[in-house]
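Okay, so the sequence shown: first residue is 1 according to UniProt numbering, each after it adds one. See structure below.
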Amino acid sequence: MGANSTKLLVLGVVTLREPTYGYEIEKELKNWNADKWAGIARASVYNQLKSLTKNGMLKFDSTIKPENRPTQYLYRITEQGKKEFYSLLREQLNDHDPQPGDLMPILSFIPFLPQEEISNACLKRIRYYSSFIESFDSEMGKWFPPETARISYIKEIFYREKAAIVAEKTWLMDFLNRLPSYYNA
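Structure representation (structure tokens):
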């Protein structure tokens, strides 16, 4: 996952917890295992906080300077930051080239979007994945004609991708069944 995922996650955690300190944001993301599924390192959280503050998306509510410790900044999201958060959330939800696993940041912020919007985006992804699965065998024939038999082991990369897409499609269908319960709680 890229810088936009890190930006989305940092803005989202500030939105959920504001006012909050950088170490609390880092701790929350670690609790979500975002360091594993999004590849977010401690330094990237603090780099993102610095960048978001510089660009007016976050602001300092206050600072404290504990004895013999670095200054701690209490962050709040700005109106510009809220707009960016929702923009990134929708952009990632409605990606035109969805990949298995790229909804992970979205799952952290389900209540911030209307149920129907999430449902429609998931149905669109299911159609996209279904089309990929249906055309897979004929596409493999084009990508690996008989004369490429000596490197046919490369096909395993594509078989793995297909398996991930089949799993993602199955999960999406199950997720759509559970989605209403997250709004009626």
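C-beta atoms are modelled at their ideal positions from N, C-alpha and C, and glycine is treated no differently. Since the structure is predicted, the reported quantities are computational estimates derived from the model, not experimental observations.
Can you give me the C-alpha to C-alpha distance between residue i and residue j, rounded to a whole angstrom?
i	j	result
W143	E84	40 angstroms
E18	I77	7 angstroms
N33	M140	35 angstroms
N31	S138	43 angstroms
D102	M173	16 angstroms
P98	E67	48 angstroms
F60	E116	35 angstroms
S152	I106	37 angstroms
S130	K155	20 angstroms
S135	Q72	54 angstroms
N55	V45	15 angstroms
N40	I133	Note on residue identity: the sequence assigns Ile, not Asn, to residue 40. One C-alpha to the other measures close to 31 angstroms.
A149	I157	15 angstroms
I118	L179	9 angstroms
Q92	Y86	10 angstroms
E168	K162	10 angstroms
L176	S62	41 angstroms
T15	K82	8 angstroms
F112	M104	15 angstroms
Y183	K124	21 angstroms
V166	L29	28 angstroms
N47	D35	15 angstroms
Report the three-state DSSP secondary structure of residue i (helix, strand or coil).
i	result
L103	coil
F144	coil
F60	strand
F109	coil
W37	helix
D97	coil
W32	coil
P180	helix
N55	coil
My guess is that residue i and residue j are in contact by the Cβ rule of under 8 angstroms, so how many angstroms apart are they, rounded?
i	j	result
T58	Y75	Per the sequence shown, the amino acid found at residue 58 is Leu instead of Thr. That belief holds up - the Cβ atoms of L58 and Y75 are roughly 5 angstroms apart, short of 8 angstroms.
A164	P100	4 angstroms
F109	G12	5 angstroms
E24	R42	Incorrect: roughly 13 angstroms between the Cβ atoms, too far for contact.
From the DSSP output, which residues share a beta bridge with residue i?
i	result
T20	Y75
Tell me whether the stretch 4 to 17 and the stretch 43 to 52 touch, counting them as touching only if at least three CB pairs, one residue from each stretch, are closer than 8 angstroms.
As far as the Cβ criterion goes, the stretch 4 to 17 touches the stretch 43 to 52, which means the pair count is three or higher.
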